[in-house]
Amino acid sequence: MRQAVILAAGEGQRLRPFTVNRPKVMLSIAGKPILQYVIKALAQKGIRDVVLVVGYHKEQVLDYFGSGELFGVDLKYVTQERQLGTAHALAQAKGAIKDNFLVLPGDNLIIGETIDRFDTIEPEAVLVKKVDNPMRYGVVKVQRGTVSEIIEKPEEPVSNLVSTGIYAFSRAVFDFVEPHLDLPDVANRMISGGQEIRAVETEGTWLDAVYPWDILSLNAAILQQARASSAGTIEAGVSIKGQVSIGDGTVIRSNSYIAGPVVIGDGCDIGPGVCIFPATSIGSNVVVAPFTEIKNSVIGSDVSIGPGSIIEDSVIDNSCDIKGQFSACRGQEEIAVNHERHNVNFGAMLGEGCVLGNSVVAQPGVIVGNYSQIRSLKLINGRLPDRSLVL
Amino acid sequence: MCGIVGYIGERQAKPILLNCLARLEYRGYDSCGIAVAGGKLQVHKDAIRVGALQEKLPSHVEGKIGIGHTRWATHGGPSKINAHPHCDCTGRITVVHNGIIYNFQQLRQQLAKEGHNFASETDTEVIPHLIEKYFAGDLEDAVVKTLAEVEGSYAIAVLMDGRPELVVARKDSPLIIGIGDGENFIASDVPAVLDYTSRVVYLEDDDIAVVRKEDFQVKRKGKVVDRQSHQVTWNVEDAQKGGYEHFMLKEIHEQPKVIRDTIRGHLTAGQAISDEDIFAEGDGREIIILACGTSYHAALVGKYILEQQFKVPVRTEIASEFGFTGQSSAQSRAVVITQSGETADALKAIKKLRSEGCPVTVITNVVGSSATRLADRVICTQAGPEISVAATKSYTAQLMALYWLALPLARIDLRRKDRLITEMRQLPGKVQRILDDEGKIAQHAAQIATYDHAFFIGRGINYPVALEGALKLKEISYIHAEGYPAGELKHGPFALLSSEAPVVAIVAPDNAYDAMLTSIKEVKARNSPVLALVEEGDEVVEEVADSVIAVPKVEPLFSPVINTVVLQLLAYYAAKERGCPIDFPRNLAKSVTVE
Chain B
1 MRQAVILAAG
11 EGQRLRPFTV
21 NRPKVMLSIA
31 GKPILQYVIK
41 ALAQKGIRDV
51 VLVVGYHKEQ
61 VLDYFGSGEL
71 FGVDLKYVTQ
81 ERQLGTAHAL
91 AQAKGAIKDN
101 FLVLPGDNLI
111 IGETIDRFDT
121 IEPEAVLVKK
131 VDNPMRYGVV
141 KVQRGTVSEI
151 IEKPEEPVSN
161 LVSTGIYAFS
171 RAVFDFVEPH
181 LDLPDVANRM
191 ISGGQEIRAV
201 ETEGTWLDAV
211 YPWDILSLNA
221 AILQQARASS
231 AGTIEAGVSI
241 KGQVSIGDGT
251 VIRSNSYIAG
261 PVVIGDGCDI
271 GPGVCIFPAT
281 SIGSNVVVAP
291 FTEIKNSVIG
301 SDVSIGPGSI
311 IEDSVIDNSC
321 DIKGQFSACR
331 GQEEIAVNHE
341 RHNVNFGAML
351 GEGCVLGNSV
361 VAQPGVIVGN
371 YSQIRSLKLI
381 NGRLPDRSLV
391 L
Chain C
1001 MCGIVGYIGE
1011 RQAKPILLNC
1021 LARLEYRGYD
1031 SCGIAVAGGK
1041 LQVHKDAIRV
1051 GALQEKLPSH
1061 VEGKIGIGHT
1071 RWATHGGPSK
1081 INAHPHCDCT
1091 GRITVVHNGI
1101 IYNFQQLRQQ
1111 LAKEGHNFAS
1121 ETDTEVIPHL
1131 IEKYFAGDLE
1141 DAVVKTLAEV
1151 EGSYAIAVLM
1161 DGRPELVVAR
1171 KDSPLIIGIG
1181 DGENFIASDV
1191 PAVLDYTSRV
1201 VYLEDDDIAV
1211 VRKEDFQVKR
1221 KGKVVDRQSH
1231 QVTWNVEDAQ
1241 KGGYEHFMLK
1251 EIHEQPKVIR
1261 DTIRGHLTAG
1271 QAISDEDIFA
1281 EGDGREIIIL
1291 ACGTSYHAAL
1301 VGKYILEQQF
1311 KVPVRTEIAS
1321 EFGFTGQSSA
1331 QSRAVVITQS
1341 GETADALKAI
1351 KKLRSEGCPV
1361 TVITNVVGSS
1371 ATRLADRVIC
1381 TQAGPEISVA
1391 ATKSYTAQLM
1401 ALYWLALPLA
1411 RIDLRRKDRL
1421 ITEMRQLPGK
1431 VQRILDDEGK
1441 IAQHAAQIAT
1451 YDHAFFIGRG
1461 INYPVALEGA
1471 LKLKEISYIH
1481 AEGYPAGELK
1491 HGPFALLSSE
1501 APVVAIVAPD
1511 NAYDAMLTSI
1521 KEVKARNSPV
1531 LALVEEGDEV
1541 VEEVADSVIA
1551 VPKVEPLFSP
1561 VINTVVLQLL
1571 AYYAAKERGC
1581 PIDFPRNLAK
1591 SVTVE
């Protein structure tokens, strides 16, 4: 297989507020967008001719990946102006496809091993994986290695084998593609039309973020592969244990304690006396003031965290400005997303550009919309829409 | 202002020359041409863009050595005859040239008397004829003798039929050698060769080099000199459009990263001590900031930062005027801002300043450029190569450099300094917020695009922003636009206000706020539609203006960064609406290396 199409146009509506200004593929996991893992997997398999179908907030993808040069691939962009299903997204790439090709969802995190052997398979085929919660996905009915049906989000799954959304197709697939269809529909149509689709099972990493708090589990899973490196300045009296990666121009000040796996970006100013525990990712240009503790969290870029804060199992998106004594401890909470109830265990989810005064306490399970402002000494809980003002 | 390229090696020269030229089009694009030597020397040129030349070229242009040129006309209008390369009478010697030969009239008369026939109106053509005159078996020797007669600025590459070498030389015009494996490249600028190599040698004034397939030798005043090669950290990625329709929009979008990269390592909480404290010795004494074009607008913002906030007297000068009016002394301190580091007027100003004993700091985006070699100190902005003729990210990077240069000077209390640094770190996120919402700006731009005139007004630190907003709009959308300090409107421009001339007002919540409000009301009374840039949450201006663009809250000192990004997008989408060639506006070139 020489070519691949990555579907990167989707919004990821259930991941709001983190997908209000970016497509789901650009969610940052262990310091890199999900899409970068997919592209890296392809590059490792020598597939360098990659067509990216972009749409929702496509500039974010363009700004980061450019021509693909820095990522070892040659990227072509096609735009899906309206999000009319994954089959429609694939149809946008038709003109750029020469021969057999892979289709991959850009918002599921994979590594090179995930597509071992699948990268050289003869079409048509779908990559499947055993999961614990098949009702979230497309369950694949397999008979003698061949798919007989893909059933989307069944209430009573017939097996725990689900589609990874990764297919190997020939150009024949375009005969079955119509707007408003998703790829499983197309596969089912091909099967009823007599086309054989083989099911190939993978043991490799395949991770999906559906809800905001899934970012934490993906981050923890991927950080296990982090490798220690440092391009920054480490002052005297700093303890660094395990796999800790520190970016260019970052300063770690005296008496800070960092236990990996931890990834810290470029140009950050951390400490003195800051504790960072596994499994934490911190973006670029971030300030963490003295005596703050961060664990199991994802911190975006351009974030400022004041002194004496406690941040556990939390996601803090880009450009948040948090004054001192912020408290976000994890805990059990039942919350609703699109009328579904979920039992969760995390600290706080803060959207982009939030401004928090001193001594704000976040109740476990709080989700704060982008650009919200919270005054000092406030207790926040539940779900706050974008641009909330807590006085 | 032109771009020159050359290739010598084992591959076919034609596609390489065309690719290199395409990457130099920002230096000029009214005509182009190549010369390739295979069995026979062939010259193809016309008054067209590189892409069109590529389509026109016959397929049999073969040869492994060649030169090329993309032109921005100075002497002689754009035409096929005036396009480079130029030849001697025999058609065996061809030359490409960037620069100006001042004494070409005398040389041309002299050569014509001696029987040479001239085909074009260009100054360049005297060079191949002089080489022909002096050639006696050694091409390098003939070039040396030729250049001894020539007065002016030049970067030239000479190709002679049947000789396995290119002879190149520079004086006051940029030229680099790209070092390959068994092949070498010549170019006016680094991006041209990045597809093939990242190792380059920057030639210096009066260098003459003979470049062969395997090696090259540089001589200066007859003596062999050693020129170190540099590893370029830019990559081709930076010079490609990466999915965007125009370089300009791509470069606007790079600004959050550019800000992060430019301030990285210079800001640490609680202290603002920069290693580059260039003003330490000149504390309290006059500072002169010189620049041209967009960089001059950065200089004007620099004046406000240093003077208004930090109580240091500052004089700004347009570099091209400095030669006529400028005075400096050993007591002055000068900062020269030039994106390319090759702007001829800026280079001349640096030389003048140095001759007067005034130490010069250069803020530039190009490592190893001519300006960096002339200056006492150099500050490199981290904007990466800028291809679009309209400067965007390089300007923002210049502003960031000025901010962190100024902070150590600040005669303000440490608490305020600390606050400013915290604010500065938040700028990338605020710029990103503007980009995330650019659809709204595009709607306002569609309105602006329906007019033929526009005015931009601002006061205080946002006065230079008004100038820059007007410059961006006029250079890419061809809408006639003027920037004014709001208080100056009454002194003339009022006569032009009407319902046919919208006014873009830049309002920040600073000490100029009330005055701006008054100006907007005055403008409204003359029926001009008013579009105001205001801080989000400002309801007062919203009531007075016809429409507003709300920008993120920011310390007024940094408002030029935020507001300029909005105006860049306004200009971009207005130009797009009008169907203009945004990256290559008519009559303009990226860096102006002629006076």
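Protein sequence lines, in the order shown, are assigned to chains B and C.
The first sequence begins at 1 in the working numbering and counts up by one.
The second sequence begins at 1001 in the working numbering and counts up by one.
All residues carry an ideal CB built from backbone N, CA and C; glycine is no exception.
Model, not experiment: these values are computed from the prediction.
Where residue i and residue j are concerned, what is the direct C-alpha to C-alpha distance, given to the nearest angstrom?
i	j	result
residue 1014 of chain C	residue 1181 of chain C	18 Å
residue 9 of chain B	residue 177 of chain B	17 Å
residue 1498 of chain C	residue 1527 of chain C	5 Å
residue 1262 of chain C	residue 259 of chain B	30 Å
residue 1418 of chain C	residue 285 of chain B	16 Å
residue 1229 of chain C	residue 1201 of chain C	4 Å
residue 1351 of chain C	residue 1214 of chain C	36 Å
residue 407 of chain B	residue 15 of chain B	Any property of residue 407 of chain B remains undetermined from this structure, which presents chain B solely from 1 to 391.
residue 334 of chain B	residue 174 of chain B	44 Å
residue 1068 of chain C	residue 1130 of chain C	20 Å
residue 126 of chain B	residue 1362 of chain C	59 Å
residue 121 of chain B	residue 172 of chain B	16 Å
residue 1493 of chain C	residue 1443 of chain C	27 Å
residue 107 of chain B	residue 270 of chain B	31 Å
residue 1353 of chain C	residue 1223 of chain C	30 Å
residue 319 of chain B	residue 304 of chain B	7 Å
residue 1368 of chain C	residue 1005 of chain C	18 Å
residue 51 of chain B	residue 1193 of chain C	27 Å
Counting contacts by CB-CB distance shorter than 9 Å, is residue i in contact with chain B?
i	result
residue 1438 of chain C	yes
residue 1429 of chain C	yes
residue 1573 of chain C	no
residue 1578 of chain C	no
residue 1264 of chain C	yes
residue 1273 of chain C	Caution is warranted here: a pLDDT of 44 is assigned to residue 1273 of chain C, below 50, making its placement in the model unreliable, and the coordinate value is therefore given only provisionally. No - not a single Cβ of chain B is within 9 Å of the one on residue 1273 of chain C.
residue 1014 of chain C	no
residue 1250 of chain C	yes
residue 1276 of chain C	In this prediction, residue 1276 of chain C has a pLDDT of 48, which is less than 50 and means its spatial position is unreliable; nothing more can be read from the coordinates.
residue 1191 of chain C	no
residue 1257 of chain C	yes
Just the chain B side, please: which residues come within less than 8 Å of residue i by C-beta, in chain order?
i	result
residue 1254 of chain C	63
residue 1240 of chain C	66, 67 and 69
residue 1260 of chain C	266, 267, 284, 285, 301 and 302
List, in order along the chain, the chain B residues whose C-beta lies closer than 7 Å to that of residue i?
i	result
residue 1244 of chain C	62
residue 1567 of chain C	None at all; the shortest Cβ gap to chain B is about 18 Å.
Quick one: list the residues of chain C neighbouring residue i, beta-carbon separation under 7 Å, in chain order.
i	result
residue 394 of chain B	Since the first residue shown for chain B is 1 and the last is 391, residue 394 of chain B is missing from the structure and cannot be characterised.
residue 49 of chain B	What residue 49 of chain B touches in chain C: nothing, since even the nearest Cβ is about 15 Å away.
residue 21 of chain B	1436
residue 398 of chain B	Since the displayed chain B opens at 1 and closes at 391, residue 398 of chain B lies outside it and no answer follows.
Under a CB-based cut-off of 9 Å, is residue i close to chain C?
i	result
residue 54 of chain B	yes
residue 318 of chain B	yes
residue 358 of chain B	no
residue 160 of chain B	no
residue 386 of chain B	no
residue 59 of chain B	yes
residue 257 of chain B	no
Strictly below 7 Å CB to CB, what residues from chain A border residue i?
i	result
residue 1433 of chain C	Here chain A cannot be found, since the structure's protein chains are B and C.
Mind checking who residue i pairs with in its DSSP beta bridge?
i	result
residue 95 of chain B	DSSP output for residue 95 of chain B lists no bridge partner at all.
residue 345 of chain B	B:332
Note down, in chain order, every chain C residue with its Cβ under 8 Å from the Cβ of residue i.
i	result
residue 152 of chain B	None at all; the shortest Cβ gap to chain C is about 31 Å.
*asked:* Extract the residue ranges of the beta strand (DSSP E) inside the stretch 1392–1468 of chain C, only unbroken runs of 3 or more that lie entirely within it.
replied: Correct list: 1453–1458.
*May I have a chain-ordered list of the alpha helix (DSSP H) segments no shorter than 4 residues that lie completely inside the stretch 1100–1186 of chain C?*
Counting whole runs of 4 or more residues, the stretch 1100–1186 of chain C contains the alpha helix (DSSP H) stretches 1104–1113, 1126–1134 and 1139–1149.
_For a minimum of 4 consecutive residues, which ranges assigned as the alpha helix (DSSP H) are wholly contained in the stretch 115–165 of chain B?_
Counting only runs of 4 or more, we get nothing.
*Please specify which runs of the alpha helix (DSSP H), each continuous and at least 4 residues long, are wholly inside the stretch 1331–1401 of chain C, giving them in chain order.*
Annotation: the stretch 1331–1401 of chain C contains the following complete segments of the alpha helix (DSSP H) (minimum length 4 residues), in chain order: 1344–1355 and 1370–1374.
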